[in-house]
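J.: In our numbering, the protein residues as written are 8 to 391.
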């Protein structure tokens, strides 16, 4: 009898591409590890080829207060995989609160006025437009799903259940290569009542974070069940409740957003320069950008007001040139930032590595965009 060797397997191990996806996603998403895990899990299923037959790769419902990062998770996922956060088929459900507006999604049936003039949003070409030669996956985002009309609900039920949609001209659309994410602010008021001790989930009277998390999850889920039918909830793979952001989360988000402003400078036709922030300048942005109700959105508005607008004035008046190092500090007596520069400072010392890295990342983004364009042209009907 042949001796057989038993090998212990590790179902928690991730594919190298899934590991890289998770790492890069965590660099962009702060404080929402649960949502990141769900997205990585669905990507792992896609890589393994074990997507459920006749269904989307996965369907997620994101709940939580405004500014907590629900939409950002989807955009960051697209940014990591495709090099562009806009590689998402996004449906703003607030635009489809009336039944007749559903024609914008599926087109008008033959015989209706303007039938040939209506270009549906949910066509197969639109779903596949971001595919590359190595990645045939689409992110579909239904934003603020609670605002959808009954007609859109009926469409969603079919998409979530069978991964198919019939357009007005009887063409069928396949959603089996899609990760479908729906976001909602339902229960935001109740959630805010559970939040105490500043921003985030500070324990109340010794209450453990885990217990408070369970209460928040139940509160959000109950709000969703009151709004959505059991038929709809039964078609969702996972409900993810987003946390409100704590102070340490906002500090990390500030660093990420400052990096994104730097990337905007390099993508523009303006002079390519590098800016650096003092700790005092960061504290001013955080002081002005911290708000319990609006999360990271208020912080982004503060960055636009105190940093982006002044930088745009400096660029428009030719006060900065390519290779300069702009130093941003806090004014000693006023709530504003002051700007100075070292001519050519970005090209000396430790800043030259950062400057080169930023330029290299921009070249990679442009390369990924060109690859998507080639893949789209190769898969278009005219090329076949």
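Quick reminder that beta carbons are idealized off the backbone N, C-alpha and C, glycines included.
What's the C-alpha gap between residue 280 and residue 79?
T.: Distance between the alpha carbons of residue 280 and residue 79: 27 angstroms.
J.: Could you give the DSSP three-state label for residue 182: helix, strand or coil?
T.: Here residue 182 sits in coil by DSSP.
J.: Would you kindly work out how many angstroms separate the C-alpha atoms of residue 82 and residue 100, rounded to a whole number?
T.: One C-alpha to the other measures close to 17 angstroms.
J.: Do you know offhand how far residue 168's Cα is from residue 15's?
T.: Whole-angstrom Cα-Cα distance: 36 angstroms.
J.: Between residue 232 and residue 250, what straight-line distance do the alpha-carbon atoms span, to the nearest angstrom?
T.: One C-alpha to the other measures close to 19 angstroms.
J.: Can you tell me whether DSSP reads residue 346 as helix, strand or coil?
T.: Looking at residue 346 - three-state DSSP - the assignment turns out to be strand.
J.: For the beta strand (DSSP E) that residue 24 lies in, which residues bound it at each end?
T.: No beta strand (DSSP E) contains residue 24, which is instead part of the alpha helix (DSSP H) from 23-35.
J.: Grab the span of the beta strand (DSSP E) containing residue 150 for me, first residue to last.
T.: 145-150 is the extent of the beta strand (DSSP E) around residue 150.
J.: Between the C-alpha atoms of residue 322 and residue 347, what's the straight-line distance to the nearest angstrom?
T.: Roughly 13 angstroms separates the two Cα atoms.
J.: Consult DSSP for residue 168 and reduce its assignment to one of helix, strand or coil.
T.: Three-state DSSP puts residue 168 in a helix.
J.: What are the start and end residues of the alpha helix (DSSP H) that includes residue 289?
T.: It spans 286-296 - the alpha helix (DSSP H) in which residue 289 sits, taken as one unbroken run.
J.: Would you be able to state if there are at least three C-beta pairs under 8 angstroms between the stretch 85-103 and the stretch 139-157?
T.: Because the criterion of three Cβ pairs below 8 angstroms is met, the stretch 139-157 and the stretch 85-103 touch.
J.: Going by the CB atoms, is the gap between residue 43 and residue 33 shorter than 8 angstroms?
T.: Yes. Within cutoff.
J.: Do residue 256 and residue 38 have their C-beta atoms closer together than 8 angstroms?
T.: Going by C-beta atoms, residue 256 is nearer than 8 angstroms to residue 38.
J.: Which whole-angstrom value describes the C-beta separation of residue 182 and residue 195, a residue pair presumed to lie in contact below a C-beta threshold of 8 angstroms?
T.: Incorrect: roughly 29 angstroms between the Cβ atoms, too far for contact.
J.: With a 10 Å radius around its C-beta and 16 neighbouring C-beta atoms as the bar for buried, classify residue 178 as buried or exposed.
T.: It counts as exposed.
J.: When the Cα of residue 148 is compared with those of 135, 224, 69, 114, which residue comes out closest?
T.: With distances taken between Cα atoms, residue 148 lies closest to 69.
J.: Inspect the CB distances between the stretch 228-247 and the stretch 270-287 and report whether three or more fall short of 8 angstroms.
T.: With a cut-off of 8 angstroms, the stretch 270-287 and the stretch 228-247 do not count as touching, because too few Cβ pairs lie within range.
J.: Per the DSSP calculation, residue 191 is bridged to which residue(s)?
T.: DSSP output for residue 191 lists 70 as bridge partner(s).
J.: Output the boundary residues of the alpha helix (DSSP H) element that contains residue 135.
T.: Counting along the chain, the alpha helix (DSSP H) containing residue 135 begins and ends at 131-135.
J.: Skipping 5 residues on each side, what residues in its chain have a beta carbon closer than 6 angstroms to that of residue 230?
T.: Excluding positions up to five away in sequence, the list reads 193, 194.
J.: Can you check whether the CB of residue 111 is closer than 8 angstroms to the CB of residue 128?
T.: Their beta carbons are under 8 angstroms apart, which means residue 128 touches residue 111 by this criterion.
J.: Write down the C-beta distance between residue 289 and residue 261 rounded to the nearest angstrom, noting that I regard them as a contact closer than 8 angstroms.
T.: Residue 289 to residue 261, Cβ: 6 angstroms. Contact.
J.: I'd like to confirm the pairing. Which residues does DSSP put opposite residue 282 in its beta bridges?
T.: According to DSSP, residue 282 bridges with 333.
J.: Hey, residue 303 and residue 65 are a contact pair by Cβ (cut 8 angstroms); roughly how many whole angstroms apart?
T.: About 25 angstroms; that fails the 8 angstroms criterion.
J.: Within this structure, are the beta carbons of residue 310 and residue 292 separated by less than 8 angstroms?
T.: Against a cut-off of 8 angstroms, the Cβ pair of residue 292 and residue 310 comes out as a contact.
J.: Express the C-alpha separation of residue 159 and residue 301 in angstroms, rounding to a whole number.
T.: One C-alpha to the other measures close to 28 angstroms.
J.: Alpha helix (DSSP H) containing residue 262: first to last residue?
T.: 254-274 is the span of the alpha helix (DSSP H), which, as asked, contains residue 262.
J.: Report buried or exposed for residue 198, applying the criterion of at least 16 other Cβ atoms within 10 angstroms of its Cβ.
T.: Buried: at least 16 other Cβ atoms inside 10 Å.
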